[in-house]
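See below for the structure under consideration.
Numbering (my numbering), first residue to last: 9 to 209.
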């Protein structure tokens with residue numbers, strides 16, 4: 009192995025290790041095949057070609073329409089016709105008009121049926137998606153101040169459920185005074201105690 013090949017291997021290893029040490033770096037973007045001027049030129053050529061094709065399509069449609077009109081409604085030759093021949097021609101034209109009207113009526117019915125079916129399908133789609141349209145959400149900046157205000161417990165309102173309740177005063181029950189029973193026994197004993205009982209009766 010020569011010196012040049014060894015140097016190339018060393019350079020490749022260094023480049024690889026250098027790139028691996030910076031994983032957050034974006035990948036290298038490839039240069040576009042065509043320059044901006046070349047792309048504009050190609051776009052203009054495509055647009056010109058499309059315009060030519062559209063014009064050709066319109067001309068073809070007009071020619072086809074004229075041909076169908078000539079086939080279905082040929083020009084009338086009224087010169088040298090008698091009254092009876094003219095009457096027959098008028099009857100023939102009226103018969104053709106009636107046939108065309110029948111076909112047109114059938115087509116209108118088919119179109120109306122298809123329109124009602126499309127409308128019902130659209131209603132089903134709307135009911136499946138939901139009648140209410142979702143509003144377009146606005147982008148909100150996620151700043152540290154907003155998060156700090158939300159996280160700060162001192163700024164949050166504490167729910168006081170007792171504030172709206174009525175206060176009811178409790179009636180205090182009269183408690184009998186508790187005295188020492190020994191004193192009562194001593195007071196009620198003897199002649200004095202008998203006098204007190206007699207007076208109480």
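Note that beta-carbon positions come from the ideal geometry of N, C-alpha and C, so glycine has one too.
Can you give me the Cβ contacts of residue 103 inside the same chain, cut-off strictly under 7 Å, excluding the 5 residues immediately before and after it?
Locating residue 103 in the chain shown gives position 95, where the first residue counts as 1. Nothing meets the Cβ criterion.
Which residue comes first and which comes last in the alpha helix (DSSP H) that contains residue 135?
Within the chain shown, numbered from 1, the residue matching residue 135 stands at position 127. Residue 135 -> alpha helix (DSSP H) spans 91-137.
Taking only three categories from DSSP, how would you classify residue 45?
Translated into the one-based positions of the chain shown, residue 45 becomes position 37. Helix.
What separation, rounded to the nearest whole angstrom, lies between the Cα atoms of residue 42 and residue 51?
Indexing the chain shown from 1 puts residue 42 at position 34. Indexing the chain shown from 1 puts residue 51 at position 43. Rounded to the nearest angstrom, the two C-alpha atoms are 12 Å apart.
How should residue 119 be labelled, buried or exposed, when 16 other C-beta atoms within 10 angstroms of its C-beta is the threshold for buried?
Your numbering for residue 119 matches position 111 in the chain shown. The residue is exposed, with fewer than 16 neighbouring Cβ atoms inside 10 Å.
As assigned by DSSP and simplified to three states, the class of residue 80
Residue mapping note: residue 80 aligns to position 72 of the chain shown, counting from 1. Of the three classes helix, strand and coil, the one that applies to residue 80 here is helix, per DSSP.
Compute the Euclidean distance between the alpha carbons of residue 130 and residue 117, then round it to the nearest angstrom.
Numbered from its first residue, the chain shown carries residue 130 at position 122. Numbered from its first residue, the chain shown carries residue 117 at position 109. One C-alpha to the other measures close to 20 Å.
Three-state secondary structure (DSSP) at residue 144?
Locating residue 144 in the chain shown gives position 136, counting from the first residue. Here residue 144 sits in coil by DSSP.
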